[in-house]
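Heads up: the sequence lines are chains A and B, in that order.
Going by our numbering, the first sequence opens with residue 1, and the numbers climb by one from there.
Going by our numbering, the second sequence opens with residue 1, and the numbers climb by one from there.
The structure under discussion appears below in the form of structure tokens.
2 protein chains.
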Amino acid sequence: MKVGELAQVARCTVETVRYYEKEGLLPAPERTAANYRRYVQAHVDRLRFIRNCRALDMTHAEIRALLERIDHPAGDCRAINDLLDQHIEHVEARIGELRQLQDQLVSLRQRCRNERPIDACGILQGLAAMETEVRPPRPSHLG
Amino acid sequence: MKVGELAQVARCTVETVRYYEKEGLLPAPERTAANYRRYVQAHVDRLRFIRNCRALDMTHAEIRALLERIDHPAGDCRAINDLLDQHIEHVEARIGELRQLQDQLVSLRQRCRNERPIDACGILQGLAAMETEVRPPRPSHLG
DNA sequence: GCTTGACCCTATAGTAACTTCAGGATGTGC
DNA sequence: GCACATCCTGAAGTTACTATAGGGTCAAGC
């Protein structure tokens with residue numbers, strides 16, 4: 001299986017596949033005489049796993065931690081449960097932040113219902129008058 | 001007012017202030033004989049405006065568009081209203097995405113209530129079995 | 001045998017909004 | 001005159017890719 005085919009079954013681009021290899025998430029496969037990557041089923045499974053994690057917005061570091069456990073199973077899966085719990089918290093926190101943001105945006109928007117000259121625009125006035133908040137360094141990686 | 005003081009009143013770092021200058025969001029101030037930046041009240045107002053926009057998760061491009069209108073007022077403020085409406089939609093869309101994500105994560109988490117050996121971990125099994133989704137290129141910049 | 005087109009390769013740079021670092025100058029208090 | 005905080009510039013690092021340049025491989029068709 002060549003890289004294009006692998007990318008297709010995993011629904012990503014060939015660039016992403018090669019990138020994961022460089023990052024050490026996906027093991028480097030054998031090469032053909034022409035130096036083409038030659039993948040086997042294990043690569044498909046692993047890449048699917050990675051893409052599923054990414055679909056859940058996990059970072060490469062989080063995915064790496066999971067793969068580590070899979071590659072070197074030891075003890076129970078508590079660490080995995082914990083990782084997922086933390087991730088769920090991240091997402092929850094980010095939703096909360098965005099909700100608050102949304103409230104602010106909507107109330108800002110209501111300051112200018114009609115088309116006024118720029119100088120009278122309630123939105124710009126609101127943005128100028130807002131109490132500048134400390135932007136906490138993102139606790140989550142979710143943007 | 002030196003850069004450290006400006007950063008303090010605007011609640012950001014001096015690096016951020018200098019970065020905004022390089023980006024053209026904040027105009028370059030006069031310099032002292034020792035080549036120190038010397039800011040005046042207008043800079044404070046502008047930086048506060050920028051930080052308020054950032055607190056609302058606007059991109060530099062969006063902020064630039066707003067500043068443009070402020071610097072060259074022309075016509076009415078319809079474009080500003082539109083920009084904000086679009087931004088509100090972005091945030092709304094992202095909240096929806098994260099909610100869906102959260103549902104998936106929670107149901108994944110429920111697959112492993114107790115501490116099992118790695119091989120039996122319901123979470124890892126779930127991640128391996130998930131139908132790999134096409135990750136749509138982010139329509140919003142909100143991560 | 002030759003061309004065309006789809007696919008593969010590497011290495012490098014670009015994205016967003018900063019942060020960090022290296023290496024050095026300035027200003028202030030004691 | 002020295003320590004220490006603060007200032008300066010320029011370059012590189014962050015995250016997870018995407019894009020681009022410049023080239024090799026392979027199968028099909030003429």
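Positions of the beta carbon are idealized from the N, C-alpha and C atoms, including for glycine.
Quick one: list the residues of chain A neighbouring alanine 34 (chain B), beta-carbon separation under 8 Å, in chain order. Here the premise fails: no neighbours, minimum Cβ distance about 29 Å.
Under a CB-based cut-off of 8 Å, is arginine 38 (chain A) close to chain B? no
Contact set between glutamate 92 (chain A) and chain B, taken where Cβ atoms lie within less than 8 Å: Gln102
So which residues on chain A does alanine 128 (chain B) lean against when the C-beta distance must stay under 8 Å? Asp45, Arg48, Phe49 and Asn52
Residues within the segment 109-124 of chain A neighbouring chain B, beta-carbon criterion of under 7 Å: Arg109, Cys112, Glu115, Arg116, Pro117, Ile118, Asp119, Cys121, Ile123 and Leu124
Arginine 46 (chain A) - DSSP class collapsed to helix/strand/coil: In the structure shown, arginine 46 (chain A) falls within a helical segment according to DSSP collapsed to helix, strand and coil.
Amino acids of chain A, ordered along the chain, whose beta-carbon sits closer than 8 Å to that of valine 106 (chain B): Ile88
Determine, using beta carbons only, whether proline 73 (chain A) comes closer than 8 Å to chain B. Yes, proline 73 (chain A) lies at the interface with chain B (some Cβ there is under 8 Å from its Cβ).
Distance, Cα to Cα, asparagine 81 (chain A) vs cysteine 112 (chain B)? 7 Å
Within 10 angstroms of its Cβ, does asparagine 35 (chain A) collect 16 or more other Cβ (buried), or is it exposed? exposed
Along the alpha helix (DSSP H) that carries glutamate 5 (chain B), what are the first and last residues, could you check? 3-9
Following the continuous alpha helix (DSSP H) through glycine 126 (chain A), name the residue where it begins and the one where it ends. Glycine 126 (chain A) -> alpha helix (DSSP H) spans 122-129.
Return yes when the Cβ of cysteine 53 (chain B) is within less than 8 Å of the Cβ of cysteine 121 (chain A), no when it is not. Here cysteine 121 (chain A) is not near cysteine 53 (chain B), since their CB atoms are 8 Å or more apart.
Please determine, among A:Thr13, A:Asp45 and A:Leu66, the residue with the shortest C-alpha to C-alpha distance to alanine 128 (chain B). A:Asp45
Is it true that the CB of cysteine 12 (chain B) sits closer than 8 Å to the CB of arginine 51 (chain B)? yes
Residues that arginine 78 (chain A) contacts on chain B, provided the C-beta gap is smaller than 7 Å: Those within 7 Å of arginine 78 (chain A) in chain B are Glu115.
Identify the contact partners of leucine 26 (chain A) in chain B, using a Cβ-Cβ distance below 8 Å as the criterion. Simply none; closest approach about 14 Å.
Mind checking whether leucine 56 (chain A) and leucine 105 (chain B) have CB atoms under 8 Å apart? yes
Between which two residues does the alpha helix (DSSP H) containing asparagine 81 (chain B) stretch? Here the alpha helix (DSSP H) through asparagine 81 (chain B) covers 78-109.
Nearest CA to the CA of leucine 67 (chain A): which residue from B:Leu6, B:Leu124, B:Glu115 and B:Glu131? B:Leu124
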